[in-house]
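I have placed the structure first, in the form of structure tokens, so that the comments after it can refer back to it.
Numbering (our numbering), first residue to last: 1229 to 1501.
In structure tokens form, the structure reads like this:
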């Protein structure tokens, strides 16, 4: 409530622009970085979220006199930031090359969750039976892991419902549409906003998701999580969650690895009962 919040974007799906405006945030489209840099004032706080914002770019922003916050989970370059946020488990300041003045917000206590998920995370939820599974690979899912994962999930008769959630940029192919129509257990939902996404997760007992922001959300919602790597930059987050035993490991979501992960979850559930 104490700040004017502006999102500066070169590319963004229309549905995300609508969601920002509904939250009373400003969204400015730019063609190049100079427009952005020229708008920064010395009393601004600039938040960078992207792997391509290198050290030289950070220096440009700091030269404006603004405070700089970097959201990062790769710790693969030197940082000029005033604050670094990495919400993955198992990370320490020693993992970073930063400045003497840099402050850190590390670990799950600083999870970057939307308000509805933060509220839900405070509630206790116990999964006794696994009957509903949610599959979501967010974004564009250019590898179409949504479809290959759905095929594996359909092999398990234990699932009474299979909720498939696709992101705003996902392009449904004819083969995907045919697969969705092939089984009455499948419920396809597209481009869900915050509360609808949380409600969907609360319907699910098990969630199959990549080691991206959505993994934090399904854990906050109390789902059992099967997770792995859908793109290379998830390797560190995935490894940390696997080491902490917060997830059931699906590796790179190849059919056999995923099948074994689902089988493990279902077997453990039976044994607990």
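Beta carbons: idealized from backbone N, C-alpha and C, even for Gly.
Interface flag, residue i vs chain C, CB-CB below 7 angstroms
i: residue 1443; result: Absent from the structure is chain C; it holds one protein chain and no more.
Extent of the continuous alpha helix (DSSP H) run through residue i
i: residue 1467; result: 1463 to 1471
i: residue 1343; result: 1343 to 1349
i: residue 1248; result: 1242 to 1250
i: residue 1405; result: 1402 to 1409
i: residue 1284; result: 1283 to 1290
i: residue 1299; result: Premise fails: residue 1299 lies in the beta strand (DSSP E), 1295 to 1299, not in any alpha helix (DSSP H).
i: residue 1448; result: 1441 to 1448
i: residue 1512; result: This structure does not reach residue 1512, given that the chain is present from 1229 up to 1501, and the question cannot be answered.
i: residue 1264; result: 1261 to 1267
Separation of residue j from residue i, as counted between CA atoms
i: residue 1231; j: residue 1479; result: 41 angstroms
i: residue 1280; j: residue 1385; result: 44 angstroms
i: residue 1405; j: residue 1496; result: 32 angstroms
i: residue 1367; j: residue 1437; result: 12 angstroms
i: residue 1464; j: residue 1267; result: 34 angstroms
i: residue 1238; j: residue 1467; result: 31 angstroms
i: residue 1255; j: residue 1244; result: 10 angstroms
i: residue 1411; j: residue 1401; result: 17 angstroms
i: residue 1475; j: residue 1442; result: 13 angstroms
i: residue 1362; j: residue 1263; result: 41 angstroms
i: residue 1335; j: residue 1246; result: 31 angstroms
i: residue 1354; j: residue 1452; result: 10 angstroms
i: residue 1337; j: residue 1415; result: 33 angstroms
i: residue 1309; j: residue 1376; result: 40 angstroms
i: residue 1313; j: residue 1298; result: 6 angstroms
i: residue 1326; j: residue 1235; result: 25 angstroms
i: residue 1494; j: residue 1486; result: 12 angstroms
i: residue 1419; j: residue 1396; result: 5 angstroms
Beta-bridge partners of residue i, as assigned by DSSP
i: residue 1394; result: 1418
i: residue 1362; result: 1391, 1435
i: residue 1476; result: 1454
i: residue 1306; result: 1325
Whole-number beta carbon distance between residue j and residue i, since they are thought to touch under 8 angstroms
i: residue 1273; j: residue 1294; result: 7 angstroms
i: residue 1444; j: residue 1341; result: 6 angstroms
i: residue 1417; j: residue 1390; result: With 8 angstroms as the limit, residue 1417 and residue 1390 do not qualify as a contact, their Cβ atoms being about 11 angstroms apart.
Proximity test, residue i beta-carbon vs the ligand GTP heavy atom, cut-off 6 angstroms
i: residue 1310; result: The ligand GTP is absent from the structure shown, which contains no ligand whatsoever.
Residue span of the beta strand (DSSP E) that contains residue i, given as start and end
i: residue 1436; result: 1434 to 1438
i: residue 1453; result: 1452 to 1456
i: residue 1254; result: 1254 to 1257
i: residue 1321; result: Run containing residue 1321: none; DSSP gives neither H nor E here.
i: residue 1314; result: 1311 to 1314
i: residue 1236; result: 1234 to 1237
i: residue 1331; result: 1331 to 1334
i: residue 1276; result: 1273 to 1277
Residue burial classification, residue i (beta-carbon count within 10 angstroms, cutoff 16)
i: residue 1343; result: exposed
i: residue 1380; result: buried
i: residue 1360; result: buried
i: residue 1369; result: buried
i: residue 1301; result: buried
i: residue 1450; result: buried
i: residue 1286; result: buried
i: residue 1409; result: exposed
i: residue 1491; result: exposed
i: residue 1456; result: buried
i: residue 1357; result: exposed
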